[in-house]
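Scroll down for the structure; my scribbles are underneath it.
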Amino acid sequence: MERICTIFDCDPGVDDAFAIVYLKNSEKFDVKLLASVAGNVNLEYTTRNLRGLVKALDWNVEVCEGASMPIMGRQVLAGEIHGKTGLGGYEFKENELAKLSDRNAFDAMVDILENNDKTLIIAVGPLTNIALLLLGRPDLKEKISEITIMGGGLEKGNITPAAEFNIFADPEAAEIVFNSGVKINMAGLDVTEKGNYNWDIQNILKESGLKITDLLTEIMLTSFKRIEEKRGSKISLHDVVAVMYHTNPELFTGEDYHVVVEIEGVYTRGQTLADKRSFSTTEKNAHVLLDLDVEKFHERLIEVLTK
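In this text, residue positions in the sequence shown follow this note's numbering: the first is 1, and each later residue adds one.
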């Protein structure tokens, strides 16, 4: 099976941790780079978490540090959901960290795009790194096959009534990405909230006896308790949904829309708005995922994570 040349941009993050293990185990991707960005927690912790996960997976892949702040505006983090460290309070020790590359995320991305025919970018945090790439080297857009993002939502937000966290954290970056002309796949809250995680899955992973699933379930445990107190018994693996779209697209349904990002609204900053008008003449710029087969999502999740 020919693997897809891939750049993975993330802000670990509990669900990022699951997505990273899924990415490694699926064998669908030729991952050239794992890049960190500030998002769920600050850049120091997202980078540290990424390095720890890579070391735990014994994965020989380049890890680079990206942007610490959004392009404009104040920084927004999500520690109340992901905990101070980003992993529900779990913290990797110094001897548990993979090597951090000497080059930054921008330089690494440029090098990968210049030296490969087509590259898939999967971005599951704020889109700052991707926007900086598109601004700094617009000539390389043709080397990007598509950009799949976990972000946005057509029906509602989560950090505000209108906006999903990743887009709200850097709306200007998101606007640049959606206006880039590169093919966009949007895995927003409409579909990612359906990719839920529950105690049954937690127990199956724990019983598998694998070192990496032991780590995932330990990371998840404190987050589960925090989410239960705030929102009920289910937590969504948003970032896994974005990755699984490329391994099992048959599980998903979606529509092509023209999507814009609101950057000025007092109450709607960070909102992703789709033009659904039947008579619209706007050019469709995004494939928006809207539904998935939840039962098969769970089956595939367990199958890949327990490899």
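C-beta: ideal position from N, C-alpha, C; glycine also. These numbers were taken from a predicted model, which means no experiment stands behind them.
**Asked** Considering only C-alpha positions, which residue in the set K93, W199, S145 is nearest to D117?
**Response** Nearest C-alpha to D117: S145.
**Prompt:** For M150 versus D239, is the C-beta spacing smaller than 8 Å?
**Reply:** Yes, the Cβ-Cβ distance between M150 and D239 is below 8 Å.
**Message:** Quick check on the DSSP output: what are the complete alpha helix (DSSP H) runs of length 4 or more inside the stretch 263-288, in order along the chain?
**Reply:** Complete alpha helix (DSSP H) runs here, min 4: none at all.
**Among F165, E96, L34, V54, the one whose alpha carbon lies nearest that of G66** = Nearest C-alpha to G66: L34.
**Item:** Backbone CA spacing between V266 and R137 [nearest angstrom]
**Value:** Per the coordinates, the alpha-carbon of V266 lies some 32 Å from the alpha-carbon of R137.
**Message:** By the three-class DSSP mapping on this structure, what secondary structure does Y245 have?
**Reply:** Looking at Y245 - three-state DSSP - the assignment turns out to be helix.
**Asked** So what does DSSP say about G52, is it helix, strand or coil?
**Response** It is helical.
**Prompt:** Given that a residue counts as buried once 16 or more other Cβ atoms are within 10 Å of its Cβ, and exposed if not, what is E96?
**Reply:** With fewer than 16 other CB atoms across the displayed protein chains lying within 10 angstroms of its CB, E96 is exposed.
**Asked** When you compare only the Cα positions, how much space is there between L292 and T253?
**Response** About 6 Å.
**Request:** Taking the CB atoms as reference points, tell me whether A242 and I130 lie closer together than 8 Å.
**Result:** Result no, Cβ atoms of A242 and I130 do not sit closer than 8 Å.
**Message:** Can you check which of these residues, K296, V259, V37, V191, is closest to S280 by C-alpha distance?
**Reply:** Answer by Cα proximity: V259.
**Asked** Using CA coordinates, which residue listed in R269, L305, T222 is at the minimum distance from R74?
**Response** Considering only R269, L305, T222, the residue with the shortest C-alpha distance to R74 is R269.
**Any C-beta of chain C under 8 Å from that of S278** = Here chain C cannot be found, since the structure has a single protein chain.
**Request:** Closer than 7 Å by C-beta to L135: which residues in its own chain qualify, once you throw out the five before and the five after it? Chain order, please.
**Result:** So the list reads I176, once near-sequence residues are dropped.
**Prompt:** Assuming L50 and C10 make a contact with CB atoms under 8 Å, what is their CB distance in whole Å?
**Reply:** The Cβ separation is near 7 Å, so the contact holds.
**Message:** In the DSSP assignment, the beta strand (DSSP E) including G254 goes from what residue to what residue?
**Reply:** For G254, the enclosing beta strand (DSSP E) begins and ends at 252-261.
**Host beta strand (DSSP E) of K32 (start-end)** = Judged by DSSP secondary structure, K32 falls within the beta strand (DSSP E) whose first and last residues are 29-36.
**Request:** Kindly provide the ranges of any beta strand (DSSP E) runs that are 3 or more residues long and lie completely inside the stretch 152-201, ordered along the chain.
**Result:** Restricted to the stretch 152-201, the beta strand (DSSP E) segments that are unbroken, complete and at least 3 residues in length are 184-187, listed in chain order.
**Message:** Is the beta carbon of V294 closer than 8 Å to that of K194?
**Reply:** Yes; because the gap between Cβ atoms is below 8 Å, this pair is in contact.
**Alpha carbon of V76 to alpha carbon of T306, nearest angstrom** = Those two C-alpha atoms are separated by around 34 Å.
**Asked** What residue from I71, T85, F8, F29 has the CA that sits closest to S223's CA?
**Response** The shortest C-alpha to C-alpha distance from S223 to any of I71, T85, F8, F29 is the one to T85.
**Prompt:** Which residue comes first and which comes last in the alpha helix (DSSP H) that contains A105?
**Reply:** Residue range 105-114 is occupied by the alpha helix (DSSP H) that includes A105.
**Prompt:** Under 8 Å, do M186 and V124 count as touching if we go by C-beta distance?
**Reply:** Between M186 and V124, the CB-CB gap reaches or exceeds 8 Å.
**Prompt:** Quick one: is P161 buried, meaning 16 or more other Cβ sit within 10 Å of its Cβ, or exposed?
**Reply:** P161 is exposed by the Cβ-count criterion.
**Message:** Quick check on the burial criterion: 16 or more other C-beta atoms within 10 angstroms. Buried or exposed for K28?
**Reply:** Answer is buried; the Cβ neighbour count reaches 16.
**Request:** Grab me the residues of E112's own chain with a C-beta within less than 8 Å of its C-beta, minus the 5 sequence neighbours each way, in chain order.
**Result:** Before going further, note that residue 112 is Ile rather than Glu in the sequence given. For I112, where only same-chain residues beyond five positions count, the Cβ hits under 8 Å are C5, I7, K32, L33, T119.
**Message:** I need the straight-line Cα distance from I23 to K276, nearest angstrom please.
**Reply:** Position check: residue 23 holds Leu in this sequence, whereas Ile was assumed. Rounded to the nearest angstrom, the two C-alpha atoms are 33 Å apart.
**Alpha carbon of I235 to alpha carbon of H82, nearest angstrom** = The C-alpha of H82 is placed about 11 Å away from the C-alpha of I235.
**Message:** Is the separation between the beta-carbon of Y257 and that of A286 shorter than 8 Å?
**Reply:** Cβ atoms of Y257 and A286: closer than 8 Å.
**Message:** In the DSSP output, what is M150 paired with across the bridge?
**Reply:** For M150, which the question treats as bridged, DSSP gives the partners A187.
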